[in-house]
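Structure record follows, encoded as structure tokens.
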Amino acid sequence: MKVLYFAWVRERVGKAEEALDPPPAVATVADLIAWLSQRGDEYAYAFEKPKVIRAAIDRMHVNQDTAIAGAREVAFFPPMTGG
Amino acid sequence: MKVLYFAWVRERVGKAEEALDPPPAVATVADLIAWLSQRGDEYAYAFEKPKVIRAAIDRMHVNQDTAIAGAREVAFFPPMTGG
Amino acid sequence: MTVPVTIRLQKEDFDVAREVAALSRGRTDIGAVVSFSGICRSDKADGEGDAIAALVLEHYPGMAEEEIARHAEEAVSRWPITGLTVIHRFGRIAPGDNIVLVVTASAHREAAFHAAEFLMDYLKTRAPFWKREEGSSGSSWVDAHDRDDTAAARWAKS
Amino acid sequence: MTVPVTIRLQKEDFDVAREVAALSRGRTDIGAVVSFSGICRSDKADGEGDAIAALVLEHYPGMAEEEIARHAEEAVSRWPITGLTVIHRFGRIAPGDNIVLVVTASAHREAAFHAAEFLMDYLKTRAPFWKREEGSSGSSWVDAHDRDDTAAARWAKS
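This is the structure we're talking about:
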């Protein structure tokens, strides 16, 4: 699965994207955030306030209780400030 | 007092403006409409539905119960359709 | 600071881009510019009969400017806008051509949108203009719409 | 009839007049065109500190287009609009320069205004763009505004 990071999430993680293969127990977006947070200080920092983080699966906004099964592209980012 | 007519009121009266000196008993805009209506068929036709007619005194919208004392310019017209 | 207000009644067409640029050029305190262009449609206002050949707009010179200025002043007092422009054409206008332009500028989009809608609703119901439709079978005055009065009523202060 | 919808994400500036004209040119069924231009202000979003030197807009390529297209489609289904254009810039934008443009066309002004406001509220809260402010003392990401969420929430269907 491709995981993308944007804005300050990208800056904190230190990369824009990576290919990851989380274990089967990582079922939802929230699970994925928890799993990522344990991969290192940069991830722990990026996801220190998980409720603030927005997520998209395959380019659609999703809630954190959404299942990630079958996802090709998961993205994490702060609340949007476009327009 | 100068009296102005616009749109179909003007067309029915047959003139765009005239100078008039209504008698003192003609106190309000409604009185003026009633007085004008008796000046001839063209006026009776223009003011046949007095409630539809809008009025302005000295270029400000007014209700028909407004006094005309001191008015320099009274205008009659249909509901506005600008914009 | 005085808010720049431009009001023009004219026979000639106007240039939306020039008016939008005039309100924002050289300023960095404006975050939002809303423009509304009212355009002459070819279908009759009552939806019946043939296409129109033109609209003819009659106005009350003097009062039209003053009435628009009063509403422009009210818009400036009600919303934090940094500039506004109202241009209303009169005379003969062909389908597809511009009739009216309202441009509002503000730091924030809500104020710009609200002021533009307010001004358009008032232009429709309070500015002394009257439209006559010219068609192949003669000409007739456009009736006022109740829905325009309803739209304007929502801005009344309680 | 298919409603023409134009969505563009670009680094380059846009021309409001050209986009307004593109939606109305050669048509006589359009009575109202509303344009909204979002412009880079020099004051910081939180109102504190020095003026900004520039905004840098990051976006999620692919999703941004798709998300805007979904809301454009929704606008077309909710209001009788005859055309709409959304242009959103990304990259570095100086104070006074354009950020975003929404243009909506309709037979009637209410639809054009509502669709433009709807699209702007959704662009602010749902389109995957993030603004970073660059200033003399460094750069920082702009926080999302609760009031933008409130503005977007009013369009939710019950």
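Protein chains in written order, with the working numbering: chain V, 1 to 83; chain R, 1001 to 1083; chain B, 2001 to 2158; chain D, 3001 to 3158.
Ideal Cβ positions, reconstructed from N, Cα and C, are used throughout, including at glycine.
query: Stretch pair the segment 3029 to 3041 of chain D + the segment 3087 to 3107 of chain D: three plus CB contacts closer than 8 Å; result: yes
query: Residues, ordered as in the chain, of the segment 1004 to 1031 of chain R that lie near chain C by beta-carbon distance below 9 Å; result: You won't find chain C in this structure, because its protein chains are V, R, B and D.
query: Residue closest to residue 2074 of chain B, alpha-carbon to alpha-carbon, out of B:2005, B:2151 and B:2147; result: B:2005
query: Straight-line Cα distance separating residue 2124 of chain B from residue 2148 of chain B; result: 7 Å
query: Residue 1077 of chain R and residue 1054 of chain R closer than 7 Å at C-beta; result: yes
query: Proximity test, Cβ basis, 7 Å: residue 1 of chain V and chain D; result: no
query: Distance CB(residue 3120 of chain D)-CB(residue 83 of chain V) smaller than 7 Å; result: yes
query: Interface flag, residue 50 of chain V vs chain D, CB-CB below 7 Å; result: no
query: Element boundaries [alpha helix (DSSP H), containing residue 34 of chain V]; result: 29 to 37
query: Which listed residue (B:2034, B:2108, B:2024 and B:2044) has its alpha carbon closest to that of residue 2138 of chain B; result: B:2044
query: C-beta contact flag for residue 1009 of chain R and residue 1044 of chain R at 7 Å; result: no
query: Alpha-carbon to alpha-carbon, residue 1052 of chain R and residue 2054 of chain B; result: 25 Å
query: Terminal residues of the beta strand (DSSP E) in which residue 3119 of chain D lies; result: Not the beta strand (DSSP E): residue 3119 of chain D falls in the alpha helix (DSSP H), residues 3109 to 3125.
query: Buried or exposed by the 16-neighbour rule on C-beta atoms within 10 Å, applied to residue 1002 of chain R; result: exposed
query: Local conformation of residue 3160 of chain D per DSSP, three classes; result: Lying before the first or after the last residue shown, residue 3160 of chain D is absent from chain D, which here runs from 3001 to 3158.
query: Contact set between residue 3072 of chain D and chain V, taken where Cβ atoms lie within less than 9 Å; result: Those within 9 Å of residue 3072 of chain D in chain V number zero; the least Cβ separation is about 14 Å.
query: Chain D contact for residue 2017 of chain B (CB, 7 Å cutoff); result: yes
query: Within 9 Å of chain D by C-beta, residues of the segment 2029 to 2044 of chain B in sequence order; result: 2029, 2030, 2031, 2032, 2033, 2034, 2035, 2036, 2037, 2038, 2039, 2040, 2041, 2042 and 2043
query: Continuous alpha helix (DSSP H) stretch holding residue 3140 of chain D: start and end; result: From DSSP, residue 3140 of chain D is part of no alpha helix (DSSP H) but of the beta strand (DSSP E) over 3138 to 3141.
query: Neighbourhood of residue 3052 of chain D by C-beta, 7 Å cutoff - its chain only, sequence neighbours within 5 removed; result: 3042, 3044, 3095, 3133, 3134 and 3135
query: Check whether residue 1064 of chain R and residue 1034 of chain R have beta carbons under 7 Å apart; result: no
query: Beta-bridge partners of residue 3035 of chain D, as assigned by DSSP; result: B:2035 and D:3103
query: Residue from B:2020, B:2104 and B:2069 whose Cα sits closest to the Cα of residue 2126 of chain B; result: B:2069
query: Bounding residues of the alpha helix (DSSP H) (the contiguous stretch that carries residue 13 of chain V); result: 7 to 13
query: Whole-angstrom distance between residue 2112 of chain B and residue 2106 of chain B, CA atom to CA atom; result: 5 Å
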